[in-house]
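For the sequence shown, position 474 matches number 474 in the working numbering, and the numbering has no gaps at all.
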Amino acid sequence: MTTRRHRHRKSFWQRWKKRWWLVPIALVSIASLALAGIQFGAIGWITNAVTPLAGGCSDIRPVVIAADPSIAPTLAAVAADFDEADGNCTKTEVRSLLSADTAALFASGASGDVDAWVPDSAAWLDRVESMASSLGRTAPQLEITDYVASTPVVLATTASQVSKLGDEPLSWSSLLSGTVSTLLPDPEASTASLAGLAQIQSVSSTEDPRQFAGAMIAIGKTIPQSTEEAFTLASEATLPTVVITTEREVAAYNTSTPSSPVIAIYPSDGTVELTYPFVEVGGSDSGSESETDADATGASSTGAAAATASESTAADAPSSVLAALAAATRSSNELLAGEGFRDADGGGALRVAGVPETATEAKPTADAAVQIEILRSWSVLTLRSRLLVVIDVSGSMLEPANNGLRRIDVFQLAASEALSKFSGEAELGVWAFSQNRVGTQDWEDLSPIAPLSDPAHVAQINGVVASLPDRIYGYTGLYDTILAAVKRVKEDYDPSKINSVLLITDGYNEDDNGISLDALLKNLKALEDPTQPVPVILIGFGPDTDLKSMTEIAQSTGGAAYSATVPEDLGKVLVDALSQRSCRPNCT
1 MTTRRHRHRK SFWQRWKKRW WLVPIALVSI ASLALAGIQF GAIGWITNAV TPLAGGCSDI
61 RPVVIAADPS IAPTLAAVAA DFDEADGNCT KTEVRSLLSA DTAALFASGA SGDVDAWVPD
121 SAAWLDRVES MASSLGRTAP QLEITDYVAS TPVVLATTAS QVSKLGDEPL SWSSLLSGTV
181 STLLPDPEAS TASLAGLAQI QSVSSTEDPR QFAGAMIAIG KTIPQSTEEA FTLASEATLP
241 TVVITTEREV AAYNTSTPSS PVIAIYPSDG TVELTYPFVE VGGSDSGSES ETDADATGAS
301 STGAAAATAS ESTAADAPSS VLAALAAATR SSNELLAGEG FRDADGGGAL RVAGVPETAT
361 EAKPTADAAV QIEILRSWSV LTLRSRLLVV IDVSGSMLEP ANNGLRRIDV FQLAASEALS
421 KFSGEAELGV WAFSQNRVGT QDWEDLSPIA PLSDPAHVAQ INGVVASLPD RIYGYTGLYD
481 TILAAVKRVK EDYDPSKINS VLLITDGYNE DDNGISLDAL LKNLKALEDP TQPVPVILIG
541 FGPDTDLKSM TEIAQSTGGA AYSATVPEDL GKVLVDALSQ RSCRPNCT
């Protein structure tokens with residue numbers, strides 16, 4: 001677990017009382033040096049040795065701080081004033097680095113010369129620990145000196161679309177149900193996005209995890225790479241669309257783009273805030289005074305912080321300097337507010353377009369472990385797919401389901417819902433199968449595997465799904481079809497995507513002239529290539545499916561078999577098929 005201690009620096013007078021015995025020794029030493037200088041004519045040498053540099057400094061201490069781009073300009077301004085203050089003797093470099101990039105550097109052991117880090121959330125410290133563990137490395141010691149600023153997570157939309165949202169209060173529940181279109185900048189890099197997902201999860205059903213998984217699949221259909229891109233997409237959307245972001249991002253965007261402002265909306269079921277920590281990198285636990293590290297919360301100005309720094313000794317560096325810098329940043333309320341930040345305690349007044357002047361109450365973000373688990377689920381659910389969908393069109397698909405519809409009708413409804421969840425970056429193809437569809441061949445290629453970003457291809461797939469009732473005849477030719485489908489997906493394998501076969505059937509293999517189950521398993525084993533896996537996901541619905549054989553086939557490829565006992569559950573099972581890609585074949 002990453003260490004995040006709030007350690008307190010002893011005052012100058014506390015340290016003085018501990019070191020009173022050094023006074024006579026120091027006086028004797030000075031007297032001895034002076035005498036030696038007189039005796040050897042070296043008074044000039046002594047004078048040059050102790051002549052201070054500009055500003056009364058005998059030495060200039062370099063300080064390097066990595067800061068999230070959202071707060072880097074503010075921190076640079078604070079640091080410039082800090083360096084100029086009498087007695088600080090520092091030259092501070094603020095490097096603007098995305099929190100995600102800095103976390104990756106630390107996790108890989110490449111912290112370099114960085115003395116401190118200001119990410120946009122303390123959750124990044126746990127992310128560093130988690131990433132370092134996965135890389136088999138030891139994370140650097142990271143200790144929070146103080147918190148310096150905050151900003152609440154909000155839902156933002158363009159001013160022109162606010163009226164289109166209707167009278168119903170906007171809430172995290174609205175986003176969960178999909179009643180409002182949502183854009184989420186990539187949560188791998190955006191702490192606000194990840195915090196927003198945690199809020200959506202908090203209002204989802206604890207008994208049915210598919211609800212939250214389905215919401216993530218829908219939201220992940222389009223993943224903007226930045227908040228600015230998300231705002232642009234929202235402004236171009238035909239339906240009312242909100243962006244999960246922060247108050248500070250709204251303020252910054254409106255300052256730079258006053259002609260097309262966005263409005264911050266606060267969810268009716270509450271929100272959370274991101275709090276920026278000032279983190280010391282590497283720690284300073286050596287030496288007899290290591291416990292006198294950082295307590296700068298009492299400083300109320302850059303000058304007060306300067307006094308803290310000037311009192312420190314070389315043995316305290318750099319912790320005392322970093323604590324003083326943290327205090328200077330925390331106390332720069334006007335500067336922070338000018339950049340769209342609330343103070344570290346969540347208060348303060350803003351005078352920026354698009355956000356209210358007074359602060360809205362916000363809670364701390366979800367526990368970092370919860371966020372990391374959500375991120376893992378997100379990465380699985382939003383994996384870009386290259387998928388061949390194989391649909392049973394044997395005669396039994398015309399039999400009635402429990403709700404009065406035919407089985408093929410139920411599948412059509414589920415297929416339309418499932419198709420809407422895939423992003424344009426996914427690639428999809430469609431086969432239909434039943435015995436002897438094309439001569440003695442049991443399968444028919446109805447649409448090639450191609451990107452869903454192509455409107456013509458999407459229209460073709462929709463046309464295929466609509467035509468399925470007219471294509472139904474014959475018995476179920478299952479085994480030959482599965483083998484052919486795996487071979488087809490392997491032909492143009494794309495290592496950047498999840499290449500798989502999704503087969504949906506309401507029966508069992510009825511082709512006596514085709515290969516046997518044992519022959520199918522042997523052929524699949526011969527095709528196995530760990531560098532190019534093609535898992536087969538089989539979904540059986542209705543009472544006639546051979547789930548035992550389907551499970552055997554699926555597990556031989558690293559896939560899974562699912563049963564929708566009631567055809568109406570087919571949509572839920574499709575969510576399972578997508579959400580369990582990381583645990584196969586051992587999902588519980």
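Glycine is no exception: its CB is placed at the ideal position from the N, C-alpha and C atoms. These numbers come from a predicted model, not from an experiment.
In this structure, does DSSP put residue i in helix, strand or coil?
{"i": "residue 355", "result": "coil"}
{"i": "residue 392", "result": "strand"}
{"i": "residue 455", "result": "helix"}
{"i": "residue 182", "result": "strand"}
{"i": "residue 433", "result": "strand"}
{"i": "residue 146", "result": "strand"}
{"i": "residue 114", "result": "coil"}
{"i": "residue 384", "result": "coil"}
{"i": "residue 563", "result": "strand"}
{"i": "residue 573", "result": "helix"}
{"i": "residue 375", "result": "helix"}
{"i": "residue 236", "result": "helix"}
{"i": "residue 438", "result": "strand"}
{"i": "residue 329", "result": "helix"}
{"i": "residue 510", "result": "coil"}
{"i": "residue 469", "result": "helix"}
Between which two residues does the beta strand (DSSP E) harbouring residue i extend?
{"i": "residue 441", "result": "441-451"}
{"i": "residue 276", "result": "272-281"}
{"i": "residue 501", "result": "498-505"}
{"i": "residue 164", "result": "From DSSP, residue 164 is part of no beta strand (DSSP E); its letter is neither H nor E."}
{"i": "residue 538", "result": "536-541"}
{"i": "residue 244", "result": "241-246"}
{"i": "residue 130", "result": "Residue 130 -> not in any beta strand (DSSP E); alpha helix (DSSP H) instead, spanning 123-135."}
{"i": "residue 94", "result": "90-96"}
{"i": "residue 264", "result": "262-265"}
For residue i versus residue j, is the C-beta spacing smaller than 8 Å?
{"i": "residue 154", "j": "residue 264", "result": "yes"}
{"i": "residue 82", "j": "residue 452", "result": "no"}
{"i": "residue 131", "j": "residue 149", "result": "no"}
{"i": "residue 172", "j": "residue 240", "result": "no"}
{"i": "residue 423", "j": "residue 178", "result": "no"}
{"i": "residue 551", "j": "residue 534", "result": "no"}
{"i": "residue 430", "j": "residue 447", "result": "yes"}
{"i": "residue 104", "j": "residue 245", "result": "no"}
{"i": "residue 140", "j": "residue 185", "result": "no"}
{"i": "residue 320", "j": "residue 78", "result": "no"}
{"i": "residue 445", "j": "residue 475", "result": "no"}
{"i": "residue 536", "j": "residue 501", "result": "yes"}
{"i": "residue 65", "j": "residue 116", "result": "yes"}
Can you tell me where the alpha helix (DSSP H) with residue i in it begins and where it stops?
{"i": "residue 341", "result": "That residue, residue 341, is in no alpha helix (DSSP H); it is neither H nor E in DSSP."}
{"i": "residue 64", "result": "From DSSP, residue 64 is part of no alpha helix (DSSP H) but of the beta strand (DSSP E) over 61-67."}
{"i": "residue 482", "result": "478-491"}
{"i": "residue 84", "result": "72-84"}
{"i": "residue 526", "result": "517-527"}
{"i": "residue 219", "result": "210-219"}
{"i": "residue 106", "result": "99-107"}
{"i": "residue 550", "result": "547-556"}
Rounded to whole angstroms, what's the CA-CA distance from residue i to residue j? Just pull it up for me.
{"i": "residue 204", "j": "residue 183", "result": "18 Å"}
{"i": "residue 529", "j": "residue 487", "result": "12 Å"}
{"i": "residue 272", "j": "residue 547", "result": "45 Å"}
{"i": "residue 573", "j": "residue 63", "result": "55 Å"}
{"i": "residue 72", "j": "residue 144", "result": "17 Å"}
{"i": "residue 232", "j": "residue 378", "result": "23 Å"}
{"i": "residue 135", "j": "residue 372", "result": "16 Å"}
{"i": "residue 302", "j": "residue 58", "result": "Residue placement at residue 302 is flagged as unreliable, the pLDDT there being 42, under the threshold of 50; the coordinate-derived value follows with that caveat. Looking at the two C-alpha atoms, the distance is approximately 21 Å."}
{"i": "residue 227", "j": "residue 517", "result": "51 Å"}
{"i": "residue 99", "j": "residue 120", "result": "7 Å"}
{"i": "residue 428", "j": "residue 212", "result": "24 Å"}
{"i": "residue 125", "j": "residue 345", "result": "20 Å"}
{"i": "residue 76", "j": "residue 562", "result": "56 Å"}
{"i": "residue 338", "j": "residue 350", "result": "7 Å"}
{"i": "residue 524", "j": "residue 553", "result": "9 Å"}
{"i": "residue 200", "j": "residue 352", "result": "28 Å"}
{"i": "residue 387", "j": "residue 166", "result": "38 Å"}
{"i": "residue 3", "j": "residue 209", "result": "In this predicted model, residue 3 has a pLDDT of only 38, less than 50, meaning its place in the structure is not dependable; the value taken from the coordinates is given anyway. Between residue 3 and residue 209, the C-alpha separation is close to 32 Å."}
{"i": "residue 412", "j": "residue 405", "result": "11 Å"}
{"i": "residue 34", "j": "residue 280", "result": "Any reading at residue 34 needs caution, since the residue's pLDDT is 36, under 50, leaving its predicted position unreliable; the model's value is listed next. Their backbone Cα atoms lie some 40 Å apart in a straight line."}
{"i": "residue 193", "j": "residue 458", "result": "29 Å"}
Using only the heavy atoms of the ligand ZN, determine whether one of them is closer than 7 Å to the beta carbon of residue i.
{"i": "residue 494", "result": "This structure lacks the ligand ZN; in fact it carries no ligand of any kind."}
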